[in-house]
Structures are given as C-alpha cells and as structure tokens.
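Residue numbers for the sequence shown follow the working numbering, so the first one is 539 and each next one is one higher. Ideal Cβ placement from N, Cα and C applies to all residues, glycine included. Note sheet for the following structure.
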Amino acid sequence: MGVTEDLADELARDTIKVMEATGDEDLVAEVSKLLQASSTPTQEAFMAAVRVRLAVGRARKFLKQKALAAKKAQDGE
Numbered sequence: 539m540g541v542t543e544d545l546a547d548e549l550a551r552d553t554i555k556v557m558e559a560t561g562d563e564d565l566v567a568e569v570s571k572l573l574q575a576s577s578t579p580t581q582e583a584f585m586a587a588v589r590v591r592l593a594v595g596r597a598r599k600f601l602k603q604k605a606l607a608a609k610k611a612q613d614g615e
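Spelled out as structure tokens, the structure:
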C-alpha cells in the first residue's frame, strides 16, 4: 500500500478500537468528516479501511460462533 492507505488504515484501526471501547458509534463518521475537510483521498482510504476491518470482524465473529456450535453439537453426540 501507499503512504495514504497505510496511514488511513492505521487511523481506521485506532478509531475502531476507541469506538469499541467507548461505544461511540458516531466516531467513524466524525473522523471521516474531519479528514474530508482536508484530504478527500485520505478520507476515502480511511472509510475503505474501516468498512473492510468491520466486515472482517463480523465475519470472524460469525465463524467463531459456527465453530463453537459445531463443537457443542459434536460433543453432545
């Protein structure tokens, strides 16, 4: 990745951590708006990184739940 994408991804990771710690669902939008005011390419890279990271997190959680359910079913047999 380029510098913009690397920095945007790092900011996305940090923003998601703070969002999860505080429960502030508006944080991503607020950071995005701040970035858009000064650098549209950075804002776009940030939002792409946030979407990817949140989607991957949801997918991992889903897979973990499926694996636990399968293990419980297997242990119950």
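*Counting pairs of beta carbons, one from the segment 581-589 and one from the segment 544-561, are three or more of them closer than 8 Å?*
yes
*Report yes if the C-beta distance between Leu601 and Ile554 is below 8 Å; otherwise report no.*
no
*Going by alpha carbons, who is nearest to Ser576 out of Arg598, Thr542, Gly614 and Ala605?*
Thr542
_Boundaries (first-last residue) of the alpha helix (DSSP H) holding Ser577_ = Premise fails: Ser577 is in no alpha helix (DSSP H) and is neither H nor E.
_Delimiting residues of the alpha helix (DSSP H) encompassing Glu558_ = Val541 to Thr560
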